[in-house]
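4 protein chains.
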Amino acid sequence: MARGESMAVDKEVDHRDYVDVDVRVRYAETDQMGVAYYGSYVVWFEVGRSEYCRAKGFSYGELEGMGYGLVVVDLRCRYKGSVKYDELIVVRTHLKDLKTRMVTFGYRILRKETQEVVVYGETRHLCLNKRGNPSSMPEKFLSRLKS
Amino acid sequence: MARGESMAVDKEVDHRDYVDVDVRVRYAETDQMGVAYYGSYVVWFEVGRSEYCRAKGFSYGELEGMGYGLVVVDLRCRYKGSVKYDELIVVRTHLKDLKTRMVTFGYRILRKETQEVVVYGETRHLCLNKRGNPSSMPEKFLSRLKS
Amino acid sequence: MARGESMAVDKEVDHRDYVDVDVRVRYAETDQMGVAYYGSYVVWFEVGRSEYCRAKGFSYGELEGMGYGLVVVDLRCRYKGSVKYDELIVVRTHLKDLKTRMVTFGYRILRKETQEVVVYGETRHLCLNKRGNPSSMPEKFLSRLKS
Amino acid sequence: MARGESMAVDKEVDHRDYVDVDVRVRYAETDQMGVAYYGSYVVWFEVGRSEYCRAKGFSYGELEGMGYGLVVVDLRCRYKGSVKYDELIVVRTHLKDLKTRMVTFGYRILRKETQEVVVYGETRHLCLNKRGNPSSMPEKFLSRLKS
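Taken in order, these protein sequences are the chains called A, B, C and D. Residue 50 in my numbering sits at position 50 of the first sequence; the count goes up by one each step and never skips. Take the position in the second sequence, starting the count at 1, then add 1000; the result is the number in my numbering. Take the position in the third sequence, starting the count at 1, then add 2000; the result is the number in my numbering. Take the position in the fourth sequence, starting the count at 1, then add 3000; the result is the number in my numbering.
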């Protein structure tokens, strides 16, 4: 990809329904460059989608309790800046796409104070049943996600 | 991205020059799904590119010692399967693209025993100088990367 | 240490001044045993002492900005139970001992809902100056810690 | 504990049977202090005891496959120095104590090149059966550990 070319991931429209959760950057999440390690954002995406589910009325843990799992099949992350230890950030999660077996979440990591977007991300998940085969998500879960 | 559509990241040709490093999956790197956490692969990519640099005759730490840093600007990861605790895996890293200020590494995570590719990945890095401005990489570093 | 023998770490009296911070257990922090990885608590201790400092009116980052660092010299952790993904826990931090060059924090990890203590911990830190030599902490920092 | 007072953890005699495993410090394992994060050592202890088990002829995963788990009940760690990104270290693990339900591992983290001990540690583990109750470890496992 050429520099300057915008990834689809950046082009998210803002009017979508999203769920915010505040996170404070931990010392453990920094590296010797003095800012958050690039892998820390990937963990924060997970915090974001957990919170998205909770805001929609269920816990991702319930889905696992019903014998399903959402395995990540695709991850994209675009870094525009960095965040520092002790900084308060916002993980903003929205539902980007939903099919019966597949769900895509979009993320933005923002500085709480300035609302500047530092990182854009996206994860795509495939629903697996107990046997590890692709499966439709339970109806209750699907309808809550869309709510 | 539509299902079935292949990401560029999968299409890497195998004849390129790559560097392998063995990694054993740690208990810490698993999650309650019983396999490696999706963020663990991102850490392994970093292990892979560190090893790539070492195989080319320098340490990434030297670059930092010279006052430069390679910040990640883009991360892509495509999961085809999963690996388990104690499994021996190979992180296979190659140089995908190199410009004076920007370097792109490609990765494959393989099961050591079967050589099955479990995860494909890619990271793009921008070189920053001491002041935090985009900068050409030192000549020595560039020539070693290409070697 | 014989079983049943109580560690000093358990005997903390409760009337001390402490600072609480809520943490929700992340999926990344679990392992294949289905509960939080034993190393996750160590990270939460760090979250706890960062919050302790903030509650006392400064950021640990400021201390680093002044050219000092608090290196951990001793860590103890006693596990009485475990916590699960998505569980809301409390990290309760108190000042256990303070000398001009050395500070000891005590921690308790509690389930938010039941207030049951799951883990007891303690970290001891030595203050180093810019040259990496043991040093008294700045007066401002000392007085705030005791406040 | 007074400064200078030696912890039992330091007094390990060297003639015991131990198992070594090399680990290279990852960038992810550093923090903004420029050295390995204090929680990284705790992960390396786990790498050490996994390797100890393997050297004795079984995988810790097998024990879990038989329906048992070794939960950590106690962790101690004493830091004498620090290690840096890309440094090659040795995790040296020995069996410190073994009872039918309880096993204690001792650890030393050494710089590979100088064999200087940087960190001493100890973890104590209780064996639980499928129901989560304390249980004797399987005979096969016990005899291998002692071998």
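Quick reminder that beta carbons are idealized off the backbone N, C-alpha and C, glycines included. Note that the coordinates shown come from a computational prediction; the quantities given were computed from them, not determined experimentally.
Looking only at its chain, what residues have a beta carbon closer than 6 Å to the beta carbon of VAL85 (chain A), apart from the 5 residues adjacent to it on each side?
It is Tyr, not Val, that sits at residue 85 (chain A) in the sequence shown. Contacts found: VAL25, TYR27 and THR30.
Three-state secondary structure (DSSP) of PHE141 (chain A)
helix
Which of the residues in the region 3028-3042 of chain D, read from start to end, lie with their CB under 7 Å from any CB of chain A?
ALA3028, THR3030, ASP3031, GLN3032, GLY3034, TYR3037 and GLY3039
Can you give me the Cβ contacts of LEU3075 (chain D) inside the same chain, cut-off strictly under 6 Å, excluding the 5 residues immediately before and after it?
THR3123
Is TYR2079 (chain C) close to chain B? Criterion is C-beta to C-beta, closer than 7 Å.
Chain B, which has no Cβ nearer than 7 Å to the Cβ of TYR2079 (chain C), makes this no.
Report the start-end ranges of each beta strand (DSSP E) in the region 3058-3123 of chain D that is 3 residues or longer and not cut off at the edges.
DSSP runs (the beta strand (DSSP E)) wholly in the region 3058-3123 of chain D: 3069-3079, 3088-3098 and 3102-3111.
Could you tell me whether the Cβ atoms of CYS1077 (chain B) and GLY1121 (chain B) are closer together than 7 Å?
yes
Between LYS2112 (chain C) and THR2093 (chain C), what straight-line distance do the alpha-carbon atoms span, to the nearest angstrom?
So the alpha carbons of these two residues sit roughly 14 Å apart.
What do you reckon, are the CB atoms on GLU1051 (chain B) and VAL1021 (chain B) nearer than 7 Å?
yes
Proximal residues to LYS3130 (chain D) (C-beta, below 7 Å), its chain only, five neighbours per side dropped
GLY3067
Short of 7 Å in beta carbon distance, which residues of its chain neighbour SER2040 (chain C), apart from the five on each side in sequence? Order them along the chain.
The answer, listed in chain order, is GLU2029.
Please report the straight-line C-alpha distance between ARG3144 (chain D) and MET3102 (chain D), rounded to a whole angstrom.
Between ARG3144 (chain D) and MET3102 (chain D), the C-alpha separation is close to 15 Å.
Can you name the residues of chain B whose CB is closer than 8 Å to the CB of VAL91 (chain A)?
The premise fails here: VAL91 (chain A) is roughly 14 Å from chain B at the closest Cβ pair, so nothing lies under 8 Å.
Is any beta-carbon of chain C found at less than 7 Å from that of LEU3063 (chain D)?
no
Could you list which residues in chain A have their beta carbon closer than 7 Å to that of TYR3085 (chain D), in chain order?
GLN32
First and last residue of the uninterrupted alpha helix (DSSP H) at VAL47 (chain A):
Start and end: 40-55.
Could you check if GLY2057 (chain C) is buried or exposed, using at least 16 other CB atoms within 10 Å of its CB as the buried criterion?
Exposed.
Compute the Euclidean distance between the alpha carbons of GLU64 (chain A) and VAL2083 (chain C), then round it to the nearest angstrom.
17 Å
At the 7 Å Cβ level, is VAL3072 (chain D) part of the contact set with chain B, yes or no?
no
Determine the DSSP secondary structure at TYR37 (chain A), reduced to helix, strand or coil.
coil
Does the Cβ of TYR1018 (chain B) have 16 or more other Cβ atoms within 10 Å, making it buried, or fewer, making it exposed?
buried
Cross-strand partners of ARG24 (chain A) (DSSP beta bridge)
A:LEU88
Which residues in the same chain as TYR60 (chain A) place their Cβ atom closer than 6 Å to its Cβ, once the five residues preceding and following it in sequence are excluded?
SER50 and CYS53
Among residues of its own chain, excluding the 5 on either side of GLY2048 (chain C), which ones have a beta-carbon nearer than 8 Å to its beta-carbon?
Correct list, in chain order: VAL2019, VAL2021, VAL2091, ARG2092, THR2093, PHE2105 and TYR2107.
Between VAL2117 (chain C) and LEU2128 (chain C), which are expected to be in contact by the criterion C-beta below 8 Å, what is the C-beta distance as a whole number of angstroms?
Actually they do not touch by this definition, with Cβ atoms about 32 Å apart.
If you count every other CB in all the chains shown that lies within 10 Å of the CB of GLY69 (chain A), and 16 or more means buried, which is it?
buried
Starting from GLY2106 (chain C), find everything on chain D with Cβ-Cβ shorter than 7 Å and list it in chain order.
Chain D residues near GLY2106 (chain C): none, gap ~13 Å exceeds 7 Å.
Less than 7 Å between the C-beta atoms of VAL3043 (chain D) and TYR3079 (chain D), yes or no?
no
Cutting at 6 Å between CB atoms, please list the residues of its own chain near ARG1003 (chain B), excluding the five before and the five after it.
With a pLDDT of 35 at ARG1003 (chain B), under the threshold of 50, the predicted position of this residue should be treated as unreliable, and no value is reported.
Considering only the beta carbon of each residue, do GLN32 (chain A) and GLY3081 (chain D) sit closer than 7 Å?
no
Reference LEU1142 (chain B), options B:LEU1098, B:VAL1023 and B:HIS1125, closest by Cα
B:LEU1098
Would you report the Cα separation of ASN133 (chain A) and HIS125 (chain A), rounded to the nearest angstrom?
13 Å
Which term fits GLU3046 (chain D), buried or exposed, when burial requires 16 or more other beta carbons within 10 angstroms of its beta carbon?
buried
Just the C-alpha distance for LEU2095 (chain C) and LYS2146 (chain C), rounded to the nearest angstrom, thanks.
8 Å
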